[in-house]
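Engineer: The structure follows.
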RNA sequence: GCAGGAGUAGCGAAGUGGUCAAACGCGCGGGACUCAAGAUCCCGUCCUUUAGUAGGUUCAGAGGUUCGAAUCCUCUCUCCUGCACCA
């Protein structure tokens, strides 16, 4: 191989490019003949390991695009930055014993150096890094805007906890029950207060706008699936007779504080008007309700209140309601007296406070045991405009007790007659009566009449309140058993459950439906309760079979012939008919199928031939038909329907000599037990409704609407759309991320940091021990409340790094702006991104979050006139470059290919060329040391040609091919068919190397430059091209010069050359010597056959004659064989 | 199970109604150059047959549409990728 100092050439041009600043995007909108073009690659996490060839491949793809568009005359923005926050950096830094900041900055410096060495044409003036306070300041700023708009909120959540990461993982970071980074670490479930962003608010738009995107179908499908929209019906199932379990209700009022004058107002019936209302409502329902008047409310004494309170009987079916001070009183009383009750409801309760007076009343102990004394549940109410002290109290109780926590919106205040709008409080009444019905989401309301059980998720928050007396033990055992199952095995479990002892009421039939707890019901989807229709759902069937639950078919599968199970008929009689006999049983019964049009004939046959004491049933177009032949010969016939059901059941039993059951069985259910009818009755296909009261006969698809409407009209259900998409949990309990800029104040609650105080900087020196280092940094945690100025604590959670990457593409536009995250005018000009490039691993997370963020920013008014809905118009997913052994490049496999090593040996350009030659860039590919040699050969040929370049007038054929190549090469590049583009370029070189115009070779170099920029620059300067080839104008093709006919003729000449070679070979293979070749062509084709060129190509002396040439040498008369386009050939 | 994609020479990979099966690269075989090796250049590379021809097989498998199918339709198989007890 020729020796060329590739690294030297590469460095030389990289320096020149940088010095001239040729890759900087222009700020003026007038620049760029064709307007702007924003090419972006997903910004990388800067690993301390640096870049390998796989990165070179990834970034070359975008670089080629950027270089092409730039030369085409677009004002190109092609920036690069670093996703520098996050776990890997933190962990790596800890392992290296370094501070993450220094560690990360070093890694970035190395990345930048390596990226420049690959020849990537980034505009480095616009770079950013997410750990830069100037960047994450705006994360915090946006977070606060989200918070103010109610798009950021806190809630307690079951979270996936990885003990090794010591942080919460998103669901998608859990891979088969293990941490995505630690394949050996089980993920635990923990309950923590977490910050969420309301991505669900945008679910519909995120789904709908997928259609607008020019993205790979695969990614779009993944997003659709992730959002997971399903349309269905929410059905209300009332809980059967639960309120009768209440022995009595006691409501304890509050205290007006120290204002003695208000004391007289502070009675249950006036001040808290709803107390009177509740009493009245319960009275209507014949439930005893006591609302004791406590002594000296303005100066409550615990012992006095206790005495008054204990006048009322309390047992384990009592419901206690306490409001304000009354709530705190109840907690203390329960805690001290250890009395078991049914339910505890705290309405804006009091508790938190330092004053001796409060301590005296509420006690100075926190009565944690209360939780265990309440059989069903504890409910805590507060509201957005409640007194801060009470909000905090409510939250503190919630923290300890869990249970149900409801924060009403504005308009409830402290739930006093002044603040509560109206005198009624229906939410409380419903809660006391527990008459909130169970909401069940289903996509198959057409099967509603087939519901034979309900299943509640084992992790449903209100599960215990559904459990009937005496069933708690079994349910708790079940839950305990579930808890002991490893997270990873959870999804492999068999469907299991236990009966709760309670029943729901079927909304349309009023039937009692048993309620079960099941391990297979997902708590977070729908309402966490499903209706079990075993006849038409495989999973439900499995469950029903296991626990012996009723299977009730309600959809008869569409079928074209009648099914009949025949007893009491002779074989010979049956033979006469042309029934399809499916099976003869050992007992001499027959399973047959009969076409519907022969049914009348068939009925006649049964009436005549069936023996007395038998019956026959068969399916019809409308359901099932029964013919009974009593022992006295009397024949009775009927269709199966609700009215005939019991009679048929009775006959069926007596004919079988059984005793009829007290409660008749559903005949469809017993038909379904017959293997033969099973396929018609037990299935998930379409058909028409049976066994469904007024809806019988409807096609099940129509029935969906009809039944939903019926429910709606009775207020027992409604249409509902459910999404699988959940709100985005952004809290991370780690150091290396953007601190969430919130402050916890005892008196003001949770308040955002003032915008002028941003950024809330990460402390530089922290201790790594266990857990979150921020929590142990005093100087970080301790702060002042921006509201009242008193001591307060900072949030110690940091943000998910996907928050950083959700808007970085906007910051590039205005990376140095200190006053704003970005200028909206710049957004108007540059957005949306014309071409986004990245790996498919971000198909759902990053790409959904970024889309969500864009939509939110649009709605918050951060964009100018140009209301961007979607950030990434086009998306390209590159494949992954694997090592030569087909495995992922990894230090541990020792198969990493480093760009700097390759550059020394082959040059970066050969590597770039090779990488895009192997295959279409969206496919996975393998590195190959042999393969790159092929690319190097090509480059060396081009160098050689350029070094000896002498202009030569080119032929029309060459011109035609050049123009064709320009056309096809350009569109191939635009469509990412780089591998095909390379082939076309190679073919063009084969054409040009015969000698060509300077301009043609320039065009060639321009085309080459996007893939092999360094060598193209070098040769460009060698042939004295103007300026940088990287900025040269992209060649235009001239349609007129593409001459199909000429190229076709050339094809024929090539064919002739092939033929001649073939003949030579055959002749020589036979041991004959060859000397010269004679070619005879038609006179009009003579000009295309040049004997010199042909001699070179064939490697033998060639003589060309026109067939009309009388002086030609033609000893064998071959010239006669010449046809148009096919010259005669003679070898001597 | 659901969704998306793929299956073409030894390998990677083009071709997506006829002109045309296999461009291009790697590998392999042969030749030139060389004392030799490497590099480089040239030729060949589905089978049979042949003075450039002719014929045949073949595009995961099986059917179908069509005058004509690797290409369109149906079914089946295999592989990849993602999701998955989502009601």
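In the numbering used here, the protein residues as written are 1 to 1132. Beta carbons are placed, not taken as given, at the ideal position from N, Cα and C, and that holds for glycine.
#1: Let me confirm a value: residue 514 is counted as buried when at least 16 other C-beta atoms fall within 10 Å, else exposed. Which label applies?
#2: Just list the residues that DSSP pairs residue 82 with in beta bridges.
#3: Could you work out which residue in 1126, 871, 1095 is closest to residue 206 when comparing CA atoms only?
#4: Which residues in the same chain as residue 311 place their Cβ atom closer than 6 Å to its Cβ, once the five residues preceding and following it in sequence are excluded?
#5: Using a Cβ-Cβ cut-off of 8 Å (strictly less than) and excluding sequence neighbours within five positions of residue 336, which residues of its own chain qualify?
#6: Using 7 Å as the threshold, is the C-beta distance between residue 274 and residue 408 below it?
#7: Output the distance between the C-alpha atoms of residue 432 and residue 199, rounded to the nearest integer angstrom.
#8: So residue 1101 is in the alpha helix (DSSP H); what residue range does that whole segment cover?
#9: Residues in its own chain within less than 7 Å of residue 228 by CB, not counting five upstream and five downstream?
#10: Return the CA-CA distance between residue 615 and residue 534, expressed in angstroms with no decimal places.
#11: Please report how far the alpha carbon of residue 153 lies from the alpha carbon of residue 249, in whole angstroms.
#12: Short of 8 Å in beta carbon distance, which residues of its chain neighbour residue 108, apart from the five on each side in sequence? Order them along the chain.
#13: What is the DSSP secondary structure of residue 565, reduced to helix, strand or coil?
#14: Are there 16 or more other CB atoms within 10 angstroms of the CB of residue 395, so buried, or fewer, so exposed?
#15: By how many angstroms is the C-alpha of residue 962 removed from the C-alpha of residue 1013?
#16: Specify the secondary structure class of residue 740 as computed by DSSP and reduced to three states.
#17: Kindly give me the distance between the Cβ atoms of residue 417 and residue 528, rounded to whole angstroms, as I take these residues to be in contact under 8 Å.
#18: Just the C-alpha distance for residue 201 and residue 719, rounded to the nearest angstrom, thanks.
#19: So is residue 43 buried or exposed if we call it buried at 16+ other beta carbons inside 10 Å?
#20: Can you tell me where the beta strand (DSSP E) with residue 353 in it begins and where it stops?
#21: Mind listing, in chain order, the continuous alpha helix (DSSP H) runs of no fewer than 4 residues lying wholly within the segment 564 to 600?
#22: Work out the CA separation of residue 710 and residue 507 for me, nearest whole Å.
#23: Work out the CA separation of residue 803 and residue 139 for me, nearest whole Å.
#24: With a threshold of 8 Å on Cβ separation, who are the neighbours of residue 469 within its own chain once the five nearest residues in sequence on each side are excluded?
#25: Using the Cα positions of residue 900 and residue 1064, report the straight-line distance between them to the nearest angstrom.
#26: By the three-class DSSP mapping on this structure, what secondary structure does residue 525 have?
#27: Closest to residue 1130 by CA distance: which of 1084, 1093, 1062, 1090 is it?
#28: Spatial neighbours of residue 978 within its chain, please: C-beta separation below 6 Å, excluding the five flanking residues on both sides.
#29: State the start and end residues of the unbroken alpha helix (DSSP H) segment that holds residue 801.
#30: Could you pull the start and end residues of the beta strand (DSSP E) that residue 615 belongs to?
#31: Who are residue 514's beta bridge partners in DSSP?
#32: So residue 323 and residue 347 are in contact, right, with Cβ under 8 Å, and what is the actual spacing, rounded?
#33: Have a look at the DSSP bridge pairing and note the partners of residue 99.
#34: With a threshold of 8 Å, are at least 3 pairs of Cβ atoms found where one atom belongs to the segment 105 to 121 and the other to the segment 723 to 742?
#35: Under 7 Å between the Cβ atoms of residue 716 and residue 194?
#36: Using 7 Å as the threshold, is the C-beta distance between residue 345 and residue 379 below it?
Structural biologist: The answer reads as follows:
#1: buried
#2: 129
#3: 871
#4: none
#5: 363, 367
#6: no
#7: 33 Å
#8: Element bounds for residue 1101: not the alpha helix (DSSP H) but the beta strand (DSSP E), 1101 to 1106.
#9: 723, 724, 725
#10: 28 Å
#11: 34 Å
#12: 46, 82, 84, 129
#13: strand
#14: buried
#15: 20 Å
#16: coil
#17: Going by Cβ atoms, the distance from residue 417 to residue 528 rounds to 36 Å, so no, they are not a contact pair.
#18: 18 Å
#19: buried
#20: Segment: none, residue 353 is in no beta strand (DSSP E) and carries neither H nor E.
#21: 571 to 575
#22: 10 Å
#23: 7 Å
#24: 245, 501
#25: 48 Å
#26: coil
#27: 1062
#28: 916, 921
#29: 801 to 804
#30: 614 to 619
#31: 503
#32: 4 Å
#33: Bridge partners of residue 99: none, in fact.
#34: no
#35: no
#36: yes
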